[in-house]
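Asker: First, the structure itself, so that you have it in front of you.
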Amino acid sequence: MSNMRSNINLFDIICENKEKEVPVQNFVQIQLNPRQETLVHIKASNNFKNQEAICPEMKILNGVHLCPSIVKVDNENNFITTILNTTDKVINIYSISVFLEPLEKPAEITIYNVTSTGNHNSSRLAIINNLLRTDHLNSEEKDSLFKICKEFNHIFHVDGDKLTYTDSIKHSIPTSSQTPVNTKTYRFPAIHKEEVNKQVNKMLEDNVIEPSYSPWNSPIWVVPKKSDASGTKKWRIVVDYRKLNDITIGDSFPLPNISDILDQLGHSKYYSVIDLKSGFHQIKMDKNDAPKTAFSTPTGHYQFNRMPFGLKTAPATFQRLINNVLIGLNNQKCFVYLDDIVVHGDTLENHNIRLKEVFQRLADHNLKIEPDKCEFLRKEVSYLGHIITDEGVKPDPNKVKAVMNYPILKTHKDIKAFLGLAGYYRRFIPKFSELTQPFTRLLKKNVKFIWTSEQQEAFEKLKLILSSEPILQYPDFSKPFCLTTDASNYAIGAVLSQGQIPNDLPIAYASRTLNHAEGNYSTIEKELLAIVWSIKHFRPYLYGQKFKIITDHRPLTWLFNVKDPGSRLIRWRLLLEEYDYEINYKPGELNKNADALSRNPPPVQHTATINPVQTNINDSSYTEFLNKLKSTVICNDNVKEIHSNLINCRDNIALLISKDLEFTEPLQKDITNKFPSHKNQIEKNLEDSRDVTIIKIPEKNQNLYYIITKEYYFNSITYEEMYNYLIQLKNQLLKDNISSISMSKLSSPFEHLHWNKVRTMMRFIFKNTNLKINIYLNDLTTPENPDIIREILTQYHSKPIGGHSGFHRTYSRIKQLFKWIGMKRDIKNFIKNCESCQKNKLVRKKNKEPMVITTTSTASFERIFLDIVGPLPLTENDNRYILTLQDDLTKYSQAYAIPNHEAHTVATKLVHEFICKYGIPETIVTDQGKEFTSNLLKQVAKLFKIKQINCSSYHPESNGALERSHHTLAEYLKHYIQEKQTDWDNWIDFAMFSYNTTVHTTTKFTPFELLFGIKANLPTSITKNPQFKYTYDDYIDNLTLKLQESQAIARKHILGSKEQNKKYYDQNSSTQKFDIGDKVFLLNEQSKPGRAQKLIPNYSGPYEIVEVNPPVNCTLLVKNKRTKVHNNKLKLANSP
């Protein structure tokens, strides 16, 4: 272009020549793909129609060249040539025009060999095609795929390419604190230093990181990766962003409905799954937040230019990018879930059209994909735990592989492990006891272990139930997931589920055996390995979601807060930084679902067990009891009911509990609170033997018998099971020579057993013994003494444990333990009379007296209103306050800057600036500030014979018009004062002139006109010719008449406005009658320095009313001083 003495302005679309300026004719945008030569149509600037000519070489942009060539120009003066883009980015330019050189003229043409920064196009295509998996394709499908990949070869990333980035989004890191997080760098072995330097230099070269001066710092660690094909060990640098993540404000991005995706995918024939190359590193960091990603190495301090791994909000940013890139295509021609893009089509042609559209969007946004991780034109794909084919959607068999391949049970322990898995979901399995009866029969004493077809049939049936609906669930991505993991000496297992623990239902199972090296890990390492492997296995479900990790290994909860990085544990911990989770501990007894899978296949071992208490051969069976009940009324005087609480009993106690030791019943909680060591003793007994039925714990002068009736507290038991437990209790008591036992009513919200039937059982079982059974009904206590009732009310309402709660909360707490006649009434009265509640709680419906229409003046300055504004910033003239004044009729206002609000200052300003200039007003209305109620101002009023009125305290509505003018004054000053606010007193006169020469909304006149009888001269009226007045008398007469008419009209408007305001105000009024001697609380509207307004009591008092001032005021005695206040600020005090 320099040879042609021209240059191209790509923004103004003008081709400029030194001789003339030639507009570009065709504003057609041309897309130049990276590392490619593109054919383009160009218009010749000089006339070569239907001739051959030479197109010269020229540089259009850095890395973009117009190729030299001999061209043939058509009859519209257009020709075809090529433009070469040697950069890594897609570049868009507009059509250009070029001056051509005649072919017949000798021209020196320089031919340039331009070398692409990437591989040569043909060899690049060969590399891409070699990386694609196409063995499953026929020739037509393969050719169509290669053709598309050739067209879009620039979006594939192959070795040797620099990883580019998109400008479509930037990642920011909003933090709750701007104080930099600076964590000391971890020490790592010297062998890793060379690897760190190597990778840092590579990231610097690729512009992924840059040197930094940031005060932020997160430590790095080196973790191993899989060895390559040659066996060379590979490493990866990981930045530990845990502390940064702790203060990062979360970002959630809505995920698509998985059911909608699966419904539409199931109707297609071809599927392609696209995977981006290092997707995070294709997103730029926001420059303002890049310093927060800083890390240090022995060679320097660096920060990321691209979004790094391990940041809390990175998945949401990535999901937002992909959704924005594919907007309009997503959910119609493709589906996106996190980092998976699935293109689908019912025909090859339809699929390829959609694939090209997706590729074009990726190219437009400069995103690169990894060819060897993509799947193209598949007829069956595994996606989000499902197998998708043209026949529909079916569950992925790998989800239930761990259960369906469960080995045959060979020992008692094998049966218990499998029943632990199945029993976790027993509440969802109808007739669970009947289904497992073939297994439980083998667990009985003296029964030989023989595996028959009956057991095998039950085994297969249970596995099928666990692997299908209603047990196995489809994932609901709008709800959180739970990942339960466990590890044994030889395997690890996991269950992915949803729902509240322990009511969760499985979505998928997984397990695998440990290799030789993993078998040598410590227990905590095996447990963490189970978590890391399980999260990776279930990544499509968990990535980008907040989920819970459930483990039975309590030390893991410590690990996730540890600071020492010098172990395999912390390296694994850092690998989980890209996930959002919390880790919860669950005792091993409740972790049987994952525990069973971690013992698959279990080794053959035989262990001894402690047998439960055996029944006596002479005991009647449950069937015999039912038959007896049909023909006989069963009585037993030794079984007595006592109307009291068991917790106060000193007798031996029997208590029903569950193996999970979840004490949900009030009595269970009371017993464990009274005997806190019992829970640990029960746990120890259960660890020694899970088959134990009754646990006896001796205490002083009494024994406690804990009867274990079920696995979990929410399980229910049958009448027959309850009968057998009572038989076992009887035999244990007889064995221990116990003469009496006390227990509560054997009932629970989870056991639908009628007490009358259970009581009949007890009478029958203990009939022929000398055992005395005391059944405590745990009735409510009925206090009879009023002092006791008051003490109860004080404890449950006024004390810190009561918290001064309202009626409903206080009543709900008291009724659990006490009952007496008139309890609700007593609670209401107690709370109503509580002084602290009356001071600190606002009433729902405040007192609102009807508006009182004040008298309206008939002449100017008949009544004026005074007030003080401030304190304000100290001005250069040492002023800090403003004395404001307003006439009642004309609304004419004045404001005077004063240094303080002392009575002397106010009186001096009033006399010299107002009275001496405008005359003496008849009445002055002020609030009850000290500057207005002082003796000095009273003396001034007496001297000039001015009537002084003080309006109600804490009721600015009494002086409403003047208060509104304060707002107007403040709005005016905001526009003109300096930033330091030290010159506001220079603008007050201008503000008042503006106010007084503006039409008032109530009077419909300007205050100036109502006071002086003429309109003020304003900038637009100064040039008007003055009207000629004949005589002074004519002028006076005319002015008087005009003032009388305008002021009368203004007074009429003011009265109308007051009536209208009263009408609206009184619609929601509510009055309360006050009498002299009444005790009242006063609304507290005064703030105190150094105290939080929200923590100051809402009311002060109580104070006594010493005078009623109709219609809407009362005078109170506040700290021995009489204070007049408006009734709206009062509420009656209640006293006992």
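First residue of the sequence shown: 1, per full-length UniProt numbering; consecutive thereafter.
For glycine and all other residues, C-beta sits at the position ideal for the given N, C-alpha and C.
Spatial neighbours of C635 within its chain, please: C-beta separation below 8 Å, excluding the five flanking residues on both sides.
Answerer: R763.
Asker: Since T166 and I42 are thought to touch, with beta carbons under 8 Å apart, how far apart are those beta carbons, to the nearest angstrom?
Answerer: In fact, because the Cβ distance is near 30 Å, the residues do not count as touching under 8 Å.
Asker: From V1080 to K1131, what does the alpha carbon distance come to, in whole angstroms?
Answerer: So the alpha carbons of these two residues sit roughly 5 Å apart.
Asker: Look at the alpha carbon of H754 and the alpha carbon of I792, and state the distance between them as a whole number of angstroms.
Answerer: So the alpha carbons of these two residues sit roughly 33 Å apart.
Asker: Between the region 870-878 and the region 975-983, can you find at least three pairs of beta-carbon atoms closer than 8 Å?
Answerer: With a cut-off of 8 Å, the region 870-878 and the region 975-983 count as touching, because enough Cβ pairs lie within range.
Asker: Going by other Cβ atoms of all chains shown within 10 Å of its Cβ, with 16 needed for buried, is T916 buried or exposed?
Answerer: Looking at the sequence itself, residue 916 is Cys, so the reference to Thr does not match. Label assigned to C916: exposed.
Asker: With the cut-off set at 8 Å, would you say N774 and S739 are in Cβ contact?
Answerer: Going by C-beta atoms, N774 is not nearer than 8 Å to S739.
Asker: Output the boundary residues of the beta strand (DSSP E) element that contains C635.
Answerer: Note, C635: premise wrong, no beta strand (DSSP E); not H, not E.
Asker: Nearest by alpha-carbon distance to I128: which of G822, K368, D476 is it?
Answerer: Comparing Cα-Cα distances from I128 to each of G822, K368, D476, the minimum goes to K368.
Asker: Kindly indicate the opening and closing residues of the alpha helix (DSSP H) around S139.
Answerer: Taken as a continuous stretch (DSSP letters only), the alpha helix (DSSP H) holding S139 covers 139-151.
Asker: Closer than 8 Å, CB to CB, is S1100 near chain C or not?
Answerer: As a matter of chain content, chain C is missing from the structure shown, which is built from one protein chain.
Asker: Just to check my reading of the structure: Y918 and K909 have Cβ atoms closer than 8 Å, yes? What is that Cβ distance to the nearest angstrom?
Answerer: Contact flag wrong, Cβ pair sits at about 13 Å.
Asker: For G300, which residues does DSSP report across the bridge?
Answerer: For G300, which the question treats as bridged, DSSP gives the partners T297.
Asker: Could you pull out every residue in the same chain whose Cβ sits closer than 7 Å to the Cβ of M992, ignoring the five residues on either side in sequence?
Answerer: Result list for M992: S893, Q894, A895, in chain order.
Asker: Is D660 helix, strand or coil when you go by DSSP?
Answerer: D660: coil per DSSP, three-state reduction.
Asker: Using the three-state DSSP reduction, which class does M743 fall into: helix, strand or coil?
Answerer: Of the three classes helix, strand and coil, the one that applies to M743 here is strand, per DSSP.
Asker: If you reduce the DSSP assignment to three classes, tell me which class Y579 lands in.
Answerer: Residue state, collapsed to three classes: coil.
Asker: Going straight from the alpha carbon of Q456 to that of N446, what length do you get?
Answerer: In a straight line, the C-alpha of Q456 is about 21 Å away from that of N446.
Asker: Within the same chain, show all residues whose beta-carbon is closer than 6 Å to that of F1008, passing over the 5 residues directly before and after it, in chain order.
Answerer: Closer than 6 Å at Cβ, skipping near neighbours: N996, T997, A1016.
Asker: Count the C-beta pairs between the region 297-304 and the region 202-222 that are closer than 8 Å, then say yes if the count reaches three, no if not.
Answerer: Output reads yes: the region 202-222 touches the region 297-304.
Asker: So, A422 versus L462, is the Cβ gap smaller than 8 Å?
Answerer: Cβ distance < 8 Å, so A422 and L462 count as in contact.
Asker: Bridge partners for R1122 per DSSP, in chain order?
Answerer: According to DSSP, which records beta bridges pairwise, R1122 is partnered with L1117.
Asker: Nearest-angstrom Cα distance between T693 and D637?
Answerer: Cα to Cα, the separation comes out at about 28 Å.
Asker: Quick one: what does DSSP say G345 is sitting in, helix, strand or coil?
Answerer: In this structure, G345 counts as strand in the three-state DSSP scheme.
Asker: Measuring straight from C-alpha to C-alpha, what distance separates L704 and A508?
Answerer: Their Cα atoms are separated by approximately 43 Å.
Asker: First and last residue of the alpha helix (DSSP H) that includes E791?
Answerer: Where E791 is concerned, the enclosing alpha helix (DSSP H) stretches over 786-793.
Asker: Give me the residue from T389, V869, K828 with the minimum Cα distance to S1135.
Answerer: The residue with the shortest Cα to Cα distance from S1135 is K828.
Asker: Express the C-alpha separation of I148 and K292 in angstroms, rounding to a whole number.
Answerer: If I take the Cα positions, the gap works out to 41 Å.
Asker: When you compare each of H157, F295, S214 to I274 by their alpha carbons, which one comes out closest?
Answerer: Among H157, F295, S214, the Cα nearest to that of I274 belongs to H157.
Asker: Can you tell me which residues form a DSSP beta bridge with N520?
Answerer: According to DSSP, N520 bridges with nothing at all.
Asker: Do L542 and I531 have their beta-carbon atoms positioned less than 8 Å apart in this structure?
Answerer: Not in contact: I531 and L542 (Cβ atoms no closer than 8 Å).
Asker: If you run the structure through DSSP and keep just helix, strand and coil, what is C649?
Answerer: Reduced to three states, the DSSP call for C649 is coil.
Asker: I need the straight-line Cα distance from L943 to E835, nearest angstrom please.
Answerer: Taking the straight line from one Cα to the other gives about 47 Å.
Asker: Taking A508 as part of the alpha helix (DSSP H), name the residues at either end of that continuous run.
Answerer: No alpha helix (DSSP H) holds A508; the beta strand (DSSP E) holding it covers 505-513.
Asker: Please state if the CB of K49 and the CB of V73 are separated by a distance shorter than 8 Å.
Answerer: A contact, by the Cβ cut-off of 8 Å.
Asker: Cα separation between Q838 and D787?
Answerer: Distance between the alpha carbons of Q838 and D787: 23 Å.
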